[in-house]
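These notes are about the structure you will find just below.
Protein chains: 2
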Amino acid sequence: MSLSKLKQKAFTNEEVKVEYDKLENEFSFANFLLEMRNKAGLTQADLAKLMNTSFTSISRLESGKGNPSLKTINNFAHACGFQLNFNYSRLS
Amino acid sequence: MSLSKLKQKAFTNEEVKVEYDKLENEFSFANFLLEMRNKAGLTQADLAKLMNTSFTSISRLESGKGNPSLKTINNFAHACGFQLNFNYSRLS
DNA sequence: TAGCTACTTATCATATATGATAAGTCTAAT
DNA sequence: ATTAGACTTATCATATATGATAAGTAGCTA
Numbered sequence: 001m002s003l004s005k006l007k008q009k010a011f012t013n014e015e016v017k018v019e020y021d022k023l024e025n026e027f028s029f030a031n032f033l034l035e036m037r038n039k040a041g042l043t044q045a046d047l048a049k050l051m052n053t054s055f056t057s058i059s060r061l062e063s064g065k066g067n068p069s070l071k072t073i074n075n076f077a078h079a080c081g082f083q084l085n086f087n088y089s090r091l092s
Numbered sequence: 101m102s103l104s105k106l107k108q109k110a111f112t113n114e115e116v117k118v119e120y121d122k123l124e125n126e127f128s129f130a131n132f133l134l135e136m137r138n139k140a141g142l143t144q145a146d147l148a149k150l151m152n153t154s155f156t157s158i159s160r161l162e163s164g165k166g167n168p169s170l171k172t173i174n175n176f177a178h179a180c181g182f183q184l185n186f187n188y189s190r191l192s
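First to last, the protein sequences are chains Y and R.
Read in order, the letters of the first sequence correspond to residues 1 to 92 in our numbering.
Read in order, the letters of the second sequence correspond to residues 101 to 192 in our numbering.
This is how it looks when you write it as C-alpha cells:
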C-alpha cells in the first residue's frame, strides 16, 4: 500500500488523524486538501465534477504538485462543503 | 480620503479594526493582507524589497486585483513576520 | 485470470499570475 | 505651489497554474 493510500484510509478515522497530526512536524497543504475531500466523502472524480475540472487536476493538487491559487483553494473547499478560514500567528 | 487610505489608518488601531470586522459582513482577502502588512509596520516598498518584487505587485494584491497563489500568500505572510494558518468550517 | 474503481504521472495548449516599468492620485508637509 | 512619500492603475513580457488527454499503478472482487 502506498503512503498516500494509507493516509487516505487513515484520515477517515478521526483518532488516527489526530495521532498523525501530532507526529507530522511539517504540515503539508496537500494533506489539508485531501482531508477536506475525505471528510466530504467524495472521490476525486466526484469533486472534479463539482469543480468543473478533471480528476487529474485534483490529484495534482493533493499530490503536492502545483501551487494553487486562492480561487482554486476556495473552490476546492466550497465543493467539499466547507468555508475556508485564514489566520496568522507571529513567526517564531 | 479614499476608502483604502481610511482602512490603512484605521487598521493600525486595534479597537477600530475590531469594530470594522464586526460591521464587515463579507471578509475581503485583500484586507487580510493589508492587515498583516500594517501590523508589521511595513510600507508596500519595504515589503516588496523583502519579497523580491515591486511595490506595485503588493498594491495589486491589497487592492483585490489578482488571485494570488499559495506561494505568494505564504511569502507575503512570512515577510510580514507571520505564519499562516488554514482551517475550515462546515459551510452554512 | 480479467475487469473495475480510485488514483498518479506525463505532456501539452491555453489562461492567468507575476515582475517590471511608467504615469497618475492623494496627503502632508515645506 | 511645490516637493516628497505612499499608494493605485495600466500595460506588457514571461513564468506558471489550469484543464484536458493518455497511459500507468494499486487494490479489490468475481
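For every residue, glycine included, the Cβ atom is placed at its ideal position computed from N, Cα and C.
Treat the numbers as computed from the prediction; the structure is a model and nothing was measured.
Contact between the stretch 140-157 of chain R and the stretch 52-61 of chain Y is absent, with fewer than three C-beta pairs closer than 8 Å.
DSSP places Asn74/Y in the uninterrupted alpha helix (DSSP H) bounded by 70-79. Under the 10 Å beta carbon count, Asn85/Y is surrounded by fewer than 16 other beta carbons and is classified as exposed. Using beta-carbon distances, Met51/Y does not count as an interface residue toward chain R, since no partner is under 8 Å. With respect to Asn67/Y, Ser169/R sits close: the two C-beta atoms are nearer than 8 Å. Among the residues of chain Y, those whose CB is under 8 Å from the CB of Asn167/R are Ser69, Leu70, Lys71, following chain order. Here the alpha carbon of Leu142/R sits roughly 30 Å from the alpha carbon of Gln83/Y.
Nearest to Leu47/Y by alpha-carbon distance, out of Ser92/Y, Arg90/Y, Asn75/Y, Ser89/Y, is Asn75/Y. If you draw a straight line from the Cα of Leu133/R to the Cα of Ala140/R, it comes to about 11 Å.
For Leu142/R, the three-state secondary structure derived from DSSP is coil.
Interface with chain R (8 Å Cβ-Cβ cutoff): Gly41/Y is excluded.
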